[in-house]
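Numbering (full-length UniProt numbering), first residue to last: 1 to 557.
Written out as structure tokens, the structure reads:
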């Protein structure tokens with residue numbers, strides 16, 4: 001009896017499967033069903049969530065293919081291109097070329113024009129212009145060295161403010177395409193001057209297109225209308241639109257979007273709404289850009305209720321709100337509770353916040369001195385699986401430093417360094433490098449570079465009799481932070497971006513007599529992703545030395 005009780009008691013504690021093994025009946029285990037192969041959309045979405053952590057992205061990229069080899073899953077060219085974009089964003093170009101060779105060895109996912117468009121874009125955005133040009137010449141082995149790839153190269157150069165190099169390529173004797181009268185190429189260069197913010201050069205190139213006999217299309221006029229708006233002359237953009245109508249162009253939604261913005265800036269948002277209705281009556285369907293433009297104009301006038309109504313009704317035209325739609329509200333709202341409620345509404349509506357959304361809100365709440373909403377936004381970002389980038393970390397660290405929470409700020413600075421998002425620890429936090437060295441060692445190294453650059457600049461000045469390098473060097477000799485202060489002073493409209501005209505006027509105010517070509521090069525360098533270089537005393541000297549060396553080499557050849 002006691003034996004039976006013991007067995008009975010034990011059987012009550014065992015799981016069902018183990019209880020069955022006590023019987024004499026043989027139980028056959030069922031094999032687990034084979035998981036289906038992942039779809040490409042899921043892979044892309046997961047890679048995008050690791051957009052700011054290339055190591056995890058690459059680990060997931062390789063794991064997906066290895067773990068689903070039983071179902072013959074292979075990455076497509078599109079997923080390869082996305083992985084390339086993430087790697088190149090962190091300047092891991094050796095790994096990029098390794099992936100490209102993998103693609104080239106697979107007939108199912110060969111590299112295409114988009115592949116090298118990504119590489120061009122990332123090389124040029126890192127100001128590695130020569131590497132981008134060398135890549136174009138290597139495309140022969142992939143049978144992709146053609147007009148399309150050349151256009152992608154020129155477009156990348158113009159997009160990231162290297163329009164001078166783009167012009168040299170386009171209008172040189174060795175150009176692979178006939179640029180004379182090529183409207184598409186001229187539009188790219190015009191847009192390049194627009195990106196650089198050199199409004200007088202935009203006007204000069206616009207007139208040069210007429211002298212060359214370039215046949216301007218609707219896209220040409222759209223770019224120049226946008227230039228006039230950004231240059232603070234929206235009424236001229238409206239006048240140019242009337243000229244476009246007289247010429248008999250088939251108007252599209254792009255030119256109307258620019259017109260709506262121009263009229264809103266020059267005459268008011270009510271006139272923009274009238275143009276919006278006129279556009280719909282003509283059978284031109286509005287896009288998300290159209291609605292975002294109107295929402296921005298309404299929010300700038302603090303007419304949030306009307307903007308919110310427009311946000312709710314835009315789906316009837318097949319346009320669904322994006323993160324940019326909500327950015328218009330966040331930029332103009334002035335109450336934290338109102339912003340947080342709008343942020344919750346954004347997520348509940350199915351709109352995924354972008355990294356720009358998080359950075360905007362972190363900066364705004366941090367500037368106001370509210371730490372609680374800062375951490376609410378940060379935690380929500382992590383909950384939604386979004387990996388923070390350097391801008392997000394810096395926004396959080398700045399908020400903590402302003403509140404005197406140095407130890408907590410240092411923890412996030414170390415985390416950012418460990419992820420490779422920052423090339424240099426912040427000196428005010430006393431953060432140690434990964435190897436334990438102090439940040440002062442980097443300062444000593446940068447000063448050595450500065451001394452070498454200054455001596456080399458003096459040697460160049462003796463041969464060229466140019467004072468521009470000495471002027472550029474004097475901008476930062478007095479104080480390592482002088483250059484940053486100067487850029488803040490030059491940004492007269494507080495837009496956070498400096499146009500070329502602002503830079504020229506600002507340099508004149510501090511006594512500089514740099515040439516236009518040198519100012520343009522400095523403009524490109526000031527937009528570099530390596531913002532930490534602005535803190536080193538030899539930054540401008542080094543920049544101008546490189547530029548002078550390039551000029552001298554050109555004169556020798």
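Beta carbons are placed, not taken as given, at the ideal position from N, Cα and C, and that holds for glycine.
Which residues bound the alpha helix (DSSP H) around residue 307?
Position 307 of the chain shown holds residue 307. 304-313 is the span of the alpha helix (DSSP H), which, as asked, contains residue 307.
Suppose you measure from the CA of residue 296 to the CA of residue 270; what does that come to, to the nearest Å?
Taking the chain shown and counting its residues from 1, one reaches residue 296 at position 296. Taking the chain shown and counting its residues from 1, one reaches residue 270 at position 270. Distance between the alpha carbons of residue 296 and residue 270: 13 Å.
By DSSP, does residue 132 sit in helix, in strand, or in coil?
By one-based count along the chain shown, residue 132 stands at place 132. In this structure, residue 132 counts as helix in the three-state DSSP scheme.
Is it buried or exposed for residue 302, if we count other Cβ within 10 angstroms and need 16 for buried?
Residue numbering aside, residue 302 sits at position 302 when the chain shown is read from its first letter. So residue 302 ends up on the exposed side.
Within the same chain, show all residues whose beta-carbon is closer than 6 Å to that of residue 57, passing over the 5 residues directly before and after it, in chain order.
As a working mapping, residue 57 is identified with position 57 in the chain shown. Once the five neighbours on either side are set aside, the close Cβ partners of residue 57 are 47, 50 and 86.
What is the DSSP secondary structure of residue 124, reduced to helix, strand or coil?
Within the chain shown, numbered from 1, the residue matching residue 124 stands at position 124. Residue state, collapsed to three classes: helix.
Kindly list the residues whose CB is nearer than 7 Å to the CB of residue 272, restricted to its own chain and excluding five residues on each side of it in sequence; keep chain order.
In the chain shown, residue 272 corresponds to position 272, counting from 1. Contacts found: 260, 263, 264, 294 and 297.
Which residues bound the alpha helix (DSSP H) around residue 273?
Counting from 1 along the chain shown, the entry for residue 273 is found at position 273. Annotation for residue 273: the continuous alpha helix (DSSP H) segment containing it runs 269-281.
Quick check: is any heavy atom of the ligand HEM less than 7 Å from the C-beta of residue 53?
As far as ligands go, the structure on display features none, and thus does not contain the ligand HEM.
Using beta carbons (cut-off 8 Å, strictly below), is residue 127 in contact with chain D?
Considering every chain present, this structure includes no chain D. It has just one protein chain.
With residue 372 as the anchor, note down where its alpha helix (DSSP H) starts and where it stops.
For the purposes of this step, residue 372 is taken as residue 372 along the chain shown, with counting starting at 1. That run of the alpha helix (DSSP H) goes 371-383.
Going by CA-CA distance only, name the one from 163, 335 and 72 that's closest to residue 193.
Residue 193 sits at position 193 when you count from the first residue of the chain shown. Here the closest residue by C-alpha is 163.
Could you tell me the boundaries of the alpha helix (DSSP H) in which residue 94 lies?
The sequence position of residue 94 within the chain shown is 94, counting from 1. Element bounds for residue 94: 93-104.
Of the residues 54, 68, 62 and 53, which one's Cα is nearest the Cα of residue 37?
Taking the first residue of the chain shown as position 1, residue 37 is located at position 37. For the residues 54, 68, 62 and 53, the minimum Cα distance to residue 37 belongs to 68.
Where residue 385 and residue 395 are concerned, what is the direct C-alpha to C-alpha distance, given to the nearest angstrom?
Along the chain shown, one-based indexing puts residue 385 at 385. Along the chain shown, one-based indexing puts residue 395 at 395. Taking the straight line from one Cα to the other gives about 19 Å.
For the alpha helix (DSSP H) containing residue 338, list its first residue and its last residue.
Taking the chain shown and counting its residues from 1, one reaches residue 338 at position 338. For residue 338, the enclosing alpha helix (DSSP H) starts and ends at 336-348.
Is the beta carbon of residue 258 closer than 8 Å to that of residue 226?
As a working note, residue 226 is residue 226 in the chain shown. As a working note, residue 258 is residue 258 in the chain shown. Cβ atoms of residue 226 and residue 258: closer than 8 Å.
Could you give the first and the last residue of the continuous alpha helix (DSSP H) run that contains residue 188?
Locating residue 188 in the chain shown gives position 188, counting from the first residue. Segment 183-196, the alpha helix (DSSP H) holding residue 188.
Rounded to a whole number of angstroms, what is the C-alpha to C-alpha distance between residue 398 and residue 125?
Taking the first residue of the chain shown as position 1, residue 398 is located at position 398. Taking the first residue of the chain shown as position 1, residue 125 is located at position 125. Approximately 26 Å between the Cα atoms of the pair.
For residue 311 versus residue 332, is the C-beta spacing smaller than 8 Å?
If you number the chain shown from 1, residue 311 lands on position 311. If you number the chain shown from 1, residue 332 lands on position 332. No.
Straight-line CA distance for residue 191 to residue 123?
Mapped onto the chain shown, residue 191 falls at position 191. Mapped onto the chain shown, residue 123 falls at position 123. The straight-line gap from Cα to Cα measures roughly 19 Å.
Please classify residue 68: does DSSP put it in a helix, a strand, or coil?
Your numbering for residue 68 matches position 68 in the chain shown. Looking at residue 68 - three-state DSSP - the assignment turns out to be coil, as it is neither helix nor strand.
Among 202, 200 and 154, which residue has its Cα nearest to the Cα of residue 182?
Mapped onto the chain shown, residue 182 falls at position 182. For the residues 202, 200 and 154, the minimum Cα distance to residue 182 belongs to 154.
Kindly list the residues whose CB is nearer than 7 Å to the CB of residue 202, restricted to its own chain and excluding five residues on each side of it in sequence; keep chain order.
Position 202 of the chain shown holds residue 202. Excluding residues within five positions, the ones whose Cβ falls inside 7 Å are 190, 193, 194 and 227.
Whole-angstrom Cβ separation of residue 139 and residue 151, contact assumed at under 8 Å?
What you label residue 139 is simply residue 139 of the chain shown in a count that begins at 1. What you label residue 151 is simply residue 151 of the chain shown in a count that begins at 1. Not really, about 13 Å apart at Cβ, beyond 8 Å.
I think residue 120 touches residue 156, with their Cβ atoms under 8 Å apart; what is that distance to the nearest whole Å?
The residue you call residue 120 lines up with position 120 of the chain shown. The residue you call residue 156 lines up with position 156 of the chain shown. Going by Cβ atoms, the distance from residue 120 to residue 156 rounds to 4 Å, so yes, they are a contact pair.
Within a Cβ cutoff of 7 Å, which residues of the same chain sit near residue 170, ignoring the five residues on either side of it in sequence?
Here the question's residue 170 lines up with position 170 in the chain shown. 154, 179, 185 and 189.
Measure the CB-CB distance between residue 285 and residue 253 and report whether it falls below 8 Å.
As a first step, residue 285 must be located in the chain shown, where it is residue number 285. As a first step, residue 253 must be located in the chain shown, where it is residue number 253. In contact: residue 285 and residue 253 (Cβ atoms closer than 8 Å).
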